[in-house]
Amino acid sequence: MYCQWQEEKTMVRKGDGQLKQTPLTEKHRALGARMVDYAGFEMPVQYAGVLEETKTVRTKVGIFDLTHMGEFELTGPGALSTVNYVTTNDASVLKVGEIQYTCLTKEDGGIIDDILVYRTADGFWLVVNAANAAKDYAWIEKHLQPETELKDLSDELTLIAVQGPKSAPLVEEILGISVADLKGYTFTEVTYEGEKVLLSRTGYTGEDGFELYFANTLAEKLWDECLQKGEKYGVAPIGLGARDSLRLEARMPLYGNDIGEEISPLEAGLSRFVKLDKESFIGKEFLQKQKEEGVQRRLVAFVMVDKGIPRQGYPLLNLEGEEIGAVTSGTHSPTLDYPIGMGYVDVAYAKAETEIQVQIRKKLAKAKIIKGRFLA
Amino acid sequence: MSEQLRFTKEHEWILVKGDVVRIGISDYAQSELGDIVFVDLPDVGDHVEEGEGFAALESVKAVSDVYSPVGGEITAINEELEDSPELVNESPMDRGWIVEIKVDGVVQVDDLMNKEEYEAFLKEV
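Protein chains in written order, with this note's numbering: chain A, 20 to 395; chain B, 37 to 161.
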């Protein structure tokens, strides 16, 4: 038996001092989590199991330690022009307290990272993928506009996500506030134990949910309180395994799987986050040209018609058996109880309802492109 | 006829009954894989070579090949796994068996581990 789970291959062993830990690492161990190396951090991949954890987030509420994510702060008079120069979306439309999804792109349109931009009173916060944090920081630093200060807050901050239909009452109870007026993709600052907590209504699960950024010193207390006060809602800790199936069910791309430096936001179906009418930004000329000429391949979502589970790297073929692309993410959806996938195909096959084939080991299995989300 | 239970370093178990072996995966293996959601079984009558992957176990996130420590013909598959793949998790050594193979020639188990040796092996993993 050979397991192809990349993260399993680098399973954390006791005494390995190389990996970064979060302020919650001991909590995860005590909860019986299986720990893995993820982007250089020792992180929980699962507690009770991916199926059960996915269900908890869809029906109740789950909490995630996402401290591995990176947070940068941009301040000074040049902060806005810096953000707008390195990202594809238009940050000038953001009011204080608003958040936008955007991409950092290279001159050739390739995606360096997909990130969230928070408009704060003093400037901007950028929340970046852990595996890309060092690369992103260097890129932004290189392209800083005059009178801009860039600061890496990642080591000072803990990030806990609270996700699921019961996330609102749980967050309200812990922080002693009402979230009724906190819309999706907005944030506010609250005080907890005399310290600042940045609370945003964001997530990566397709459910209502929140992300809480705060000083590391609060981490254990807040985590424990989430578990204690959430007990009546059926709260459970959720690992990176369920995080991956939740985001895929919600048809959200994962950097390193579905997007990367060889892929443009237009190919990835992210054109609504690319504002070609704003002032100059890195990659604008390429993306303008690509938009005019049309993309050659597109990221699509598909469900299986025949049996089998699509996995990253499996070839995609047309019904005549010619290769037309490859799978970038695939799993057996725990919520839907059938296999789902995403991948790139030649644009000629990107329309909804098109039948394609996935090569699963030695067999060819039929699949069908879908429109919109996997979940109803 | 006596039965012999043996284990491979890849965490399959084989139960030898004369020239037929039944193959599954160990409790350790199922716990490492997590929730099994699909088992891709071979067909009865297929011939497998020693060391060849003959079935695939799919968990939510990963796919794992099951290798045969013997060469021979598939004489039975556990059809229950088609609708209940979770049997591999719940009962890996019994109801979660995967296939039976009629071995080409004589069954050689000398290279494989018995239960005690496998348990000692797991401590080093």
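The beta-carbon is built from N, C-alpha and C at its ideal position, and this holds for glycine as well.
Item, Value
"Supposed close pair N151(A), M88(A) - CB separation, criterion 8 Å", "That belief does not hold up - the Cβ atoms of N151(A) and M88(A) are roughly 10 Å apart, past 8 Å."
"Cβ distance (whole Å) where V322(A) is taken to contact Y368(A) below 8 Å", "Going by Cβ atoms, the distance from V322(A) to Y368(A) rounds to 15 Å, so no, they are not a contact pair."
"Buried/exposed call for A384(A), threshold 16 Cβ in 10 Å", "buried"
"Residue nearest to G279(A) in terms of C-alpha spacing, selected from K370(A), P165(A) and K125(A)", "K125(A)"
"Cβ pair count under 8 Å reaching 3, the region 41-60 of chain B against the region 134-148 of chain B", "yes"
"Nearest-angstrom Cα separation, counted from G258(A) out to A395(A)", "24 Å"
"Closer than 8 Å to chain B by CB, G302(A)", "no"
"Cβ pair V471(A), V254(A) closer than 8 Å", "The question about residue 471(A) has no answer, for chain A in this structure spans 20 to 395."
"Burial state of Q144(B) (16 or more Cβ within 10 Å)", "exposed"
"Y156(A), DSSP secondary structure in three states", "helix"
"Test item: CB-CB of G344(A) and P329(A) under 8 Å", "no"
"Proximity winner among L289(A), E192(A) and I131(A), relative to G247(A) (alpha-carbon distances)", "In the sequence under discussion, the amino acid at residue 247(A) is Gln, which differs from the Gly named in the question. The shortest C-alpha separation from Q247(A) is found at E192(A)."
"Residue from I131(A), F233(A) and K382(A) whose Cα sits closest to the Cα of S283(A)", "I131(A)"
"CB contact below 8 Å: H351(A) versus chain B", "yes"
"Cross-strand partners of Q119(A) (DSSP beta bridge)", "V136(A)"
"Alpha helix (DSSP H) segment containing V135(B), residue limits", "Careful: V135(B) lies outside any alpha helix (DSSP H), inside the beta strand (DSSP E) at V135 to V139."
"Extent of the continuous alpha helix (DSSP H) to which Y64(B) belongs", "D63 to L69"
"Supposed contact pair A320(A) and R266(A) - C-beta distance, whole angstroms, cut 8 Å", "Incorrect: roughly 12 Å between the Cβ atoms, too far for contact."
"DSSP three-state assignment for A180(A), whether helix, strand or coil", "strand"
"DSSP state of D296(A) mapped onto helix, strand, coil", "coil"
"T236(A), buried or exposed, once every other Cβ within 10 Å from all chains shown has been counted against 16", "exposed"
"Separation of K370(A) from L285(A), as counted between CA atoms", "16 Å"
"Coarse secondary structure for T41(A), derived from DSSP in three states", "coil"
"Start-to-end residues for the alpha helix (DSSP H) that takes in V324(A)", "Here V324(A) belongs to no alpha helix (DSSP H), and DSSP marks it neither H nor E."
"Alpha-carbon to alpha-carbon, K251(A) and G213(A)", "26 Å"
"Helix, strand or coil at H47(A) [DSSP, three-state]", "helix"
"Touching by the beta-carbon criterion (3+ pairs, under 8 Å), the region 162-169 of chain A and the region 99-114 of chain A", "yes"
"6 Å CB neighbourhood of Q182(A) in its chain, flanking five on each side removed", "V76, G81, G222, T224, E226 and G228"
"Own chain partners of K39(A) with C-beta closer than 8 Å, once the 5 adjacent residues on each side are dropped", "G59, F60, E61 and H87"
"Extent of the continuous alpha helix (DSSP H) to which K114(A) belongs", "Premise fails: K114(A) is in no alpha helix (DSSP H) and is neither H nor E."
"Test: R266(A) CB closer than 8 Å to a CB of chain B", "no"
"Short Cβ contact (8 Å threshold) for E72(A) with V146(A)", "no"
"Whole-angstrom distance between I375(A) and V314(A), CA atom to CA atom", "19 Å"
"Residues near W49(B) in its chain [Cβ-Cβ closer than 6 Å; skip 5 each side]", "F43, G60 and S62"
"G142(A): contacting residues in chain B (beta-carbon distance under 9 Å)", "Those within 9 Å of G142(A) in chain B number zero; the least Cβ separation is about 38 Å."
"Cβ-based contacts, 8 Å cut-off: residues of the region 77-88 of chain A near chain B", "none"
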